[in-house]
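Taking it in order: structure first as structure tokens, then the write-up.
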Amino acid sequence: MTAQIKKLLRSRDKRLKLVFVLGMAGILLILISDILPKKSAADETPSEQLTLDETELYKQDIERQLTEVISHVSGAGRTRVMISVTGTKEYVYAEKSDLDRRTEGTGESYRSQGEIVLADGGGEKQPVLRKISAPQIGGVAVICEGASDPQVRERVMNVVSAVLGLPPGRISVQPSA
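According to this note's numbering, the sequence shown holds residues 628 to 804 in order.
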């Protein structure tokens with residue numbers, strides 16, 4: 628085999644040498660790619676996973692704060708809180724829009740076209756962020772020792788409603804077992 632390779636390299640046919648060298652380079656690249664460490668799926672953080680983690684952190688933070696506040700309500704005792712959220716964090720970018728109005732015969736038609744506004748930020752264009760909306764809180768479940776007393780239950784319900792701006796129908800306060 629090595630004798631054939633030496634004979635090939637001594638030959639005067641340049642195309643044959645080129646094909647051989649390119650083939651060897653390809654084999655070398657394949658070997659190198661097997662040696663180098665690969666990125667696993669766990670190393671990569673897709674934006675969807677990041678958003679879900681942010682939402683979970685948001686939920687946990689609200690639950691912790693509510694637990695802290697409710698535990699200070701007279702008669703509430705030990706408290707556990709669980710909230711449910713709908714959606715995820717939403718980014719709203721600034722847009723410039725053009726509105727065309729056309730009148731044809733007896734009818735009118737409108738056409739709107741929007742374009743995201745970009746601003747220079749450190750040498751590259753970045754979209755202009757107008758606002759960030761937090762996930763919406765769908766409901767709250769509160770379990771506390773004193774919830775068997777109707778007055779405590781009402782006070783806890785009022786605290787949760789005031790803090791989160793939720794109607795009482797989306798708040799459940801129950802005594803612990």
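Even for Gly, the Cβ is constructed at its ideal location relative to N, Cα and C.
Residue i versus residue j - alpha carbon distance
i: residue 730; j: residue 740; result: 18 Å
i: residue 723; j: residue 750; result: 22 Å
i: residue 767; j: residue 717; result: 21 Å
i: residue 712; j: residue 804; result: 26 Å
i: residue 785; j: residue 685; result: 22 Å
i: residue 746; j: residue 795; result: 44 Å
i: residue 708; j: residue 760; result: 23 Å
i: residue 600; j: residue 734; result: Missing from the structure shown is residue 600; the chain here goes from 628 to 804 and no further.
i: residue 793; j: residue 719; result: 24 Å
i: residue 655; j: residue 681; result: 43 Å
i: residue 695; j: residue 728; result: 55 Å
i: residue 631; j: residue 638; result: 11 Å
i: residue 671; j: residue 721; result: Legend: pLDDT at residue 671 = 48, less than 50; position of this residue unreliable, value from coordinates given subsequently. Using only the alpha carbons, I get a separation of about 29 Å.
i: residue 736; j: residue 660; result: 58 Å
Residue i burial status per 10 Å Cβ neighbour count (16 or more: buried)
i: residue 658; result: exposed
i: residue 629; result: exposed
i: residue 710; result: buried
i: residue 697; result: buried
i: residue 777; result: exposed
i: residue 762; result: buried
i: residue 646; result: exposed
i: residue 774; result: buried
i: residue 649; result: exposed
i: residue 800; result: buried
Distance CB(residue i)-CB(residue j) smaller than 8 Å
i: residue 783; j: residue 769; result: yes
i: residue 802; j: residue 781; result: no
i: residue 779; j: residue 693; result: no
i: residue 748; j: residue 797; result: no
Three-state class that DSSP yields for residue i in the structure shown
i: residue 767; result: strand
i: residue 792; result: coil
i: residue 733; result: coil
i: residue 705; result: coil
i: residue 603; result: Only positions 628 to 804 of the chain appear in this structure, which leaves residue 603 out of reach.
i: residue 744; result: coil
i: residue 713; result: strand
i: residue 700; result: coil
i: residue 663; result: coil
i: residue 755; result: coil
i: residue 762; result: coil
i: residue 775; result: helix
So, does the stretch 741-757 touch the stretch 685-692, judging by three or more C-beta pairs under 8 Å?
Counting C-beta pairs with one atom in each stretch, the stretch 741-757 and the stretch 685-692 have fewer than three that are closer than 8 Å, which means they do not touch.
Quick check: the stretch 697-716 against the stretch 744-758, are at least 3 beta-carbon pairs closer than 8 Å?
No: fewer than three Cβ pairs fall under 8 Å.
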